[in-house]
Each structure stands twice: as C-alpha cells, then as structure tokens.
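First the structure, in the form of structure tokens, and then the observations on it.
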C-alpha cells in the first residue's frame, strides 16, 4: 500500500514545487495592491454596517451580498466574451432540444452529449477573464466581512456563566527569539493577565492567558520591551448580543494569504521582530429565518441572486 502511495505523493510534491514560484510571484505582485486597498475597504465596510445599527445582523449581510452580486454581474458583462457566451447558450438549448426529440437514437444522443461537453468547456473558458478580475476584490471583501460575521468578540464575566480566560500568542522571528523573550504584555483597563508568558521553544512563541472583567468595546493590548511599546493588538470585549462588532483574531505578518484573510490591522513587516500575534476567537453564530447558516453561504446565495436579478435589465449572459 505504501509503495502505491509514494509515487502519488511524489507527483503532488513536484506539482507543489512547480507552482511555488508562480504563487510567490503572484503574492509579491499583489501584496502592495492588497495593502493599499485594505484600509479604505475596511472604512467602507465599517460605515455600511454602521448604517444598519438596530437591525438584525442578517440584514446588512443580505444587502451587502445583493449589491455585491449586482456589481459582479456588471463586471461579468464587460469583462467576459458575451457574444461567445450567447452563442454557447443558443447551441446548448439546441442540443437539449435534440436530446428530447431524438432520445431513442443512440447516435444523436452520443453526438449531442459530446457537443454539450464541448459547450460546457467553452462556457468555462469564456468566464475565466471576469473570474480573474473579480477574484481578489471578492476575497478581500470576504476578509472584511469575516471581521464582523465570522468571529465573536471576547466575552467578559457574565452572571451564570463560567469565567474563562483567553490565549494571547506572540510569535517571534528566529533572530529576535534570544533578545525578546522578556516581552511584557500590558492589558487595557478591564482586562488582566492571569498567567504567562509561557515560552514555546519549537515555534518561538510567548503565550499569555488574559481575563476580561467587563465589556470595554474596542481596545488594545500593548507589548513592551524595556518599557518601550513595540507592538499592539486590537481586542473587542463585548457582552453577548446580536449586534455586529469588529473582532479580529490575528495581526498577520508577511504571509500574503493571512494579509487577505485577516485585514483588520497593519501587518508586520519582514524586518519586524514579531512574526504575528494571535488571540483565538470563537466563531459567531449567525441565524437566518431562525436557522443557523454560515454567513458565507448566505453571502454566496444572495450575491448569486443579485446577479441573476440584474440579468434581464443589463442583458448579461452568464
């Protein structure tokens, strides 16, 4: 069994090695773009969500998703080969009609099935340009929405609930590990350090436990070395409610993917002694019509609906 798995493993390893330079080049090219867009996109997201204060949390999500779908539909119209897509749609309908009319003919069935396979390939081919254009903006938008819909803020002590601590982890660079182990976590008012730092020798990490005594909203924890602040990390501490609040579990480092998925704070540079700061958050529970549905599923369905609603008005061919 092992002998059969090794060639496959080697194959995928070779594929990974071949794609790594392409990914690294793409990340290097897009990092400045992502860095420039994250801050204004964060401000816009915060402002839009703020317009729906007092509404159920599903309302801003549905509205943002519908508008995103409308924008995606417009983008699709002007970046795709619409003439080719319309021809593919017409030929697909003709093939489906032929299959119904000549369903007893094996030759016609096989011919039209092959034709349909070709048409599916052409539809995908003609859709590649808009997918490439929209991929990064939509992934960035999902990253911004995750700061409100994916994670719940840290919870303070509540009557009838078991008090709990939260982990704060700072990962240091290999070169900074010998000199920065004396790093001190300075909590804000209403938050206290209950233990730490515990040192992780394998991953060069410093780990504290903190406890929130009261809701203080959006605040910061600071990290000092020789009484000098060298880094900060956002924290949001709020009582349980349906209100949407900003919650960011990671201040990322140089990883391009982390910068896209966790855009809430300025990332650390390659020359920083700190690689990243993590404060694990629990997932937020999102409901729609009384059902627990992942927020991204709501976004996907509502954005597709928005694009479909646009079709008869803009004559978009998908």
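In my numbering, the protein residues as written are 9 to 326.
For each residue, glycine too, the CB sits at the ideal point set by N, CA and C.
Query	Result
Beta-carbon contacts of residue 13 that lie in its chain and below 8 Å, excluding the five residues immediately before and after	Bear in mind that the predicted position of residue 13 carries a pLDDT of just 47, short of 50, making it too unreliable to give a figure here.
Beta-carbon contacts of residue 195 that lie in its chain and below 7 Å, excluding the five residues immediately before and after	201, 218, 229
Cβ-Cβ distance between residue 287 and residue 243 below 8 Å	yes
Sequence-distant residues of the same chain with beta carbon closer than 8 Å to residue 58, five excluded per side	none
Backbone CA spacing between residue 248 and residue 55 [nearest angstrom]	22 Å
Beta-carbon proximity list for residue 9, same chain, < 7 Å, skipping 5 on both sides	Low per-residue confidence applies at residue 9: pLDDT is 41, beneath 50, and the placement is therefore not dependable enough to give any value.
Helix, strand or coil at residue 370 [DSSP, three-state]	Outside the displayed range of the chain (9 to 326) lies residue 370, so it cannot be described from this structure.
Contact with chain B by residue 39, beta-carbon distance below 8 Å	The chain inventory of the structure shown lacks chain B, comprising one protein chain alone.
Contacting residues, own chain, Cβ-Cβ under 7 Å from residue 11 (five flanking each side not counted)	At residue 11 the pLDDT is 45, less than 50, meaning the model places this residue with poor confidence and gives no usable figure here.
Residue 75: first and last residue of the uninterrupted beta strand (DSSP E) it sits in	No beta strand (DSSP E) contains residue 75, which is instead part of the alpha helix (DSSP H) from 66 to 87.
Through-space distance from residue 47 to residue 153, alpha-carbon basis	13 Å
Bounding residues of the beta strand (DSSP E) (the contiguous stretch that carries residue 174)	174 to 180
Beta strand (DSSP E) runs wholly inside the region 181 to 249, at least 3 long, in chain order	192 to 194, 199 to 208, 213 to 220, 225 to 233, 236 to 245
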